[in-house]
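Student: Okay, handing you the structure first.
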Amino acid sequence: MPKRLYIDTSAYLCILLGEAGHEPLMREARGARLLSSVVLPLEAGRNLVRLSREGILSTADFQRCLSALTDDLQQFILRDLTLDLCVSLTMPVVSTPRSLDLAHLRTALWFHQQAKLTRFVTLDASQEIAARQLGLPV
Numbered sequence: 002m003p004k005r006l007y008i009d010t011s012a013y014l015c016i017l018l019g020e021a022g023h024e025p026l027m028r029e030a031r032g033a034r035l036l037s038s039v040v041l042p043l044e045a046g047r048n049l050v051r052l053s054r055e056g057i058l059s060t061a062d063f064q065r066c067l068s069a070l071t072d073d074l075q076q077f078i079l080r081d082l083t084l085d086l087c088v089s090l091t092m093p094v095v096s097t098p099r100s101l102d103l104a105h106l107r108t109a110l111w112f113h114q115q116a117k118l119t120r121f122v123t124l125d126a127s128q129e130i131a132a133r134q135l136g137l138p139v
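Position in the sequence shown counted from 1, then plus 1, gives you the numbering used here.
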């Protein structure tokens, strides 16, 4: 059975933008079942626009990244952000995640309950702490 990796937006953007640390993430994701929330394309697209507006991404790089995002989404199993995830009272024991981070965490828990995740992949330290508090493998 292939690895089941929940990819949050920080990890995905690292890979997409070729940031430091992207190579081990790409190796880990190769051949794995990639899972995430529909929040991922929302956050990724917003961040690409922000990076373009700030002059960090050229127009050509922005277009390349948007195209790659569209292509990459075909590799993911995405779960909708539904009412059951929104009204759940599931929260990390100590930390209080931001709303979209919480959406990722609850979605990952849903996937984990269906079949165990191999790993919740994030580059956000506070998100990693929250995932640990919820019992997700990080």
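Every residue, glycine too, gets a C-beta built ideally from N, C-alpha and C.
Note that the coordinates shown come from a computational prediction; the quantities given were computed from them, not determined experimentally.
Is it true that the stretch 128–136 meets the stretch 36–46, where meeting means three or more beta-carbon pairs spaced less than 8 Å apart?
Tutor: Short answer: they don't touch.
Student: Between Leu49 and Ala30, which are expected to be in contact by the criterion C-beta below 8 Å, what is the C-beta distance as a whole number of angstroms?
Tutor: Numbered from its first residue, the sequence shown carries residue 49 at position 48. Numbered from its first residue, the sequence shown carries residue 30 at position 29. Leu49 to Ala30, Cβ: 19 Å. No contact.
Student: If we count Cβ pairs, one from each stretch, closer than 8 Å, do we get three or more for the stretch 49–69 versus the stretch 113–121?
Tutor: Segments in contact, no.
Student: Per DSSP, what are the beta-bridge partners of Phe63 in this structure?
Tutor: By 1-based counting over the sequence shown, the position of residue 63 is 62. Answer is none; Phe63 lacks a bridge partner.
Student: Quick test of the definition: if touching needs 3 or more C-beta pairs under 8 Å, does the stretch 114–128 touch the stretch 4–18?
Tutor: Yes, the stretch 114–128 is in contact with the stretch 4–18.
Student: Could you check what DSSP says for Tyr95 in three-state terms: helix, strand or coil?
Tutor: Reading the sequence shown from its first residue, position 94 is the one you call residue 95. Per the sequence shown, residue 95 should be read as Val rather than Tyr. In the structure shown, Val95 sits in coil (DSSP, three-state: anything other than H, G, I, E or B).
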